[in-house]
Structures are given as structure tokens and as C-alpha cells.
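Okay, so here's the structure we're looking at.
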Amino acid sequence: VFTTTRTPEREALFRWVGPLSVNRWVLLAKASNKIKIKKLEDAFVFKVGGVKEDVKTSYLEKLGAKVDAVAEDAQNAKRLQKGEIDLWVTGYLSGMKYAKDIGFTDVEEVFAYNEVDGYLALNLETKPQLVLELNRILDQMRSEGLLDATMKFKK
Numbered sequence: 018v019f020t021t022t023r024t025p026e027r028e029a030l031f032r033w034v035g036p037l038s039v040n041r042w043v044l045l046a047k048a049s050n051k052i053k054i055k056k057l058e059d060a061f062v063f064k065v066g067g068v069k070e071d072v073k074t075s076y077l078e079k080l081g082a083k084v085d086a087v088a089e090d091a092q093n094a095k096r097l098q099k100g101e102i103d104l105w106v107t108g109y110l111s112g113m114k115y116a117k118d119i120g121f122t123d124v125e126e127v128f129a130y131n132e133v134d135g136y137l138a139l140n141l142e143t144k145p146q147l148v149l150e151l152n153r154i155l156d157q158m159r160s161e162g163l164l165d166a167t168m169k170f171k172k
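Each residue of the sequence shown is one higher than the last, beginning at 18 in this note's numbering.
Put into C-alpha cells, the structure is as follows:
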């Protein structure tokens, strides 16, 4: 189970439970490269790596960026580490996890360009009553203080 970004294009494709998480869309770089990005368009002169058919990649492409996209985001951690790309468009939490998984510590966020809520996207054939119940339980967990402000479970 993983969260997905709820966008207007996806709205009618699923039944939604959430929000479950908050995710920042970021550009990561090798810290040792000392890349500075003041506005998103500054990134377009660099070789940017992303994921095919991913909302973060599509967002940049709609703005005119050329993104070298691969099938899986974990590949981009290796590509950035090897210098095959200069910037990596990803979600902050997942990007840092993929970097950690391969022991890549020379990585930093150089620009954040969006913050979105993550939802559980359910099949349209899911019974509406189940969707309502799952959202009710989530609201109850928030009201009882079982989720913090970032929507992460408290220990």
C-alpha cells in the first residue's frame, strides 16, 4: 500500500481516503556539486532525472523542462550518485529513503516546488460505505491525537 497524489486529472478515476500524508516535491542534488536553484526555471539548464508517467515529472515537463525519466525512482538515486543526472525530481521522503538505501549521503534538497497530500486511491468498484468508514476512522484518529500535524503516526 502506498499513497498517491490526488489531482484533478485523477479525481474521477478512484475513490479517495485521506489525506494520509504530506509530501514535498523537490529537486535533490549532490551536495558536493553546490547547485543553487532560486526559482524552478533555474533547474531547466541541468540534466534532470525523474520517473516516467509520474505527476512530479509531468508537472516539470508541462513547464518546459526536459526530464530524463526512468521506470523506477530508486534508479535515480544511483544515477545522481554516479553523476548521470544533475538533479533528481522526487518526493522528499522517498528520495531520501532511496538515497539512504544505497548509502548515498552526499545528497541535499536544492529546491522544493510543491507540497501535496497523499491519499489511498481505491478502485471505483469499492463500496462507497467502505470509503466513508475508512475516512471516518482516519478523522477519528486525528481527533484523538493519534496522528501528528504531518499526518505521521505517533509512537
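The beta carbon of each residue, even a glycine, is placed where N, CA and C say it ideally should be.
- CA-CA distance, Y115 to A91, rounds to 5 Å.
- Around the beta-carbon of I102, 16 or more other beta-carbon atoms lie within 10 Å, marking it buried.
- For E132, the closest of T143, T122 and G108 by C-alpha to C-alpha distance is G108.
- Residues of the same chain with their beta carbon placed closer than 7 Å to that of F19 are lacking, with the five preceding and five following residues left out of the count.
- Boundaries of the beta strand (DSSP E) harbouring G67: V65 to V68, taken from the DSSP string.
- Rounded to the nearest whole angstrom, the CA to CA distance from I119 to Q146 is 42 Å.
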